[in-house]
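Trainee: Numbering (this note's numbering), first residue to last: 2 to 153.
Ideal Cβ positions, reconstructed from N, Cα and C, are used throughout, including at glycine.
Got a structure here, written out as structure tokens. Questions coming.
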Amino acid sequence: MSDDDERTLGRIETEVALLMRFGEATRRATGTAEHRVLDRAAYVILRHLDAAGPQNVSALAAQLNLDGSTVTRQVSALQRDGLITRTPDPSDGRGTVISPTAAGLQRMAAVRSARTRLYGELLADWSDEDQTALATLLGRLNQALVNRNRRR
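Take a look at the structure:
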């Protein structure tokens, strides 16, 4: 690896670390309650269920690259809050299928809307091409992370 490659990868590593830190700090510091009606884990689970449809815990854990026990705890909290329901899994009588409730989808939509507005404000002076490039590159980075984790 050349020195230039190493410097570039070092910059990427630093920028990703800062992105995670500043993103969380921005979420906590934003004055609107919409950003805080769901924690990060609940939001990700509800977004996934909204996009992919009802799933059992194993499928959900695999898609989110999480341990099944972690997802079970998170799903239990979501169920306690009335944000998901569990129904018997028709393909496996021992398991359950997780589905978002109307309240869960409503909270998820409120958070998504608030985040979209925030990013709209943050990126208002970026060109459409730059915004599209950022979305594309972040998508590629996330897919590369998913692919790496699935190979393990």
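DSSP three-state label for residue 88, please.
Mentor: In the structure shown, residue 88 falls within a strand segment according to DSSP collapsed to helix, strand and coil.
Trainee: With distance defined between alpha-carbon atoms, name the residue in 77, 116, 58, 109 nearest to residue 93.
Mentor: 58
Trainee: Would you say residue 124 and residue 84 are within 8 Å of each other, going by their C-beta atoms?
Mentor: no
Trainee: For the alpha helix (DSSP H) holding residue 98, just list the boundary residues, first then last.
Mentor: Taken as a continuous stretch (DSSP letters only), residue 98 belongs to no alpha helix (DSSP H), being part of the beta strand (DSSP E) at 93 to 101.
Trainee: Taking just the CA atoms, how far does residue 50 sit from residue 87?
Mentor: 12 Å
Trainee: Per DSSP, what are the beta-bridge partners of residue 75 in this structure?
Mentor: Residue 75 is not bridged to any residue.
Trainee: Mapping the DSSP letters down to three states, classify residue 148 as helix, strand or coil.
Mentor: In the displayed model, residue 148 falls within a helix according to three-state DSSP.
Trainee: For residue 57, does the three-state DSSP call read helix, strand or coil?
Mentor: strand
Trainee: Taking the C-alpha atoms as reference points, what is the distance between residue 68 and residue 42?
Mentor: 13 Å
Trainee: Identify the continuous alpha helix (DSSP H) that holds residue 31 and give its terminal residues.
Mentor: Taken as a continuous stretch (DSSP letters only), residue 31 belongs to no alpha helix (DSSP H), as it is neither H nor E.
Trainee: Could you give the C-beta distance for residue 112 and residue 38, rounded to a whole number, given that I count them as a contact under 8 Å?
Mentor: 6 Å
Trainee: Measuring straight from C-alpha to C-alpha, what distance separates residue 26 and residue 135?
Mentor: 20 Å
Trainee: In whole angstroms, give me the CA-to-CA distance for residue 40 and residue 121.
Mentor: 21 Å
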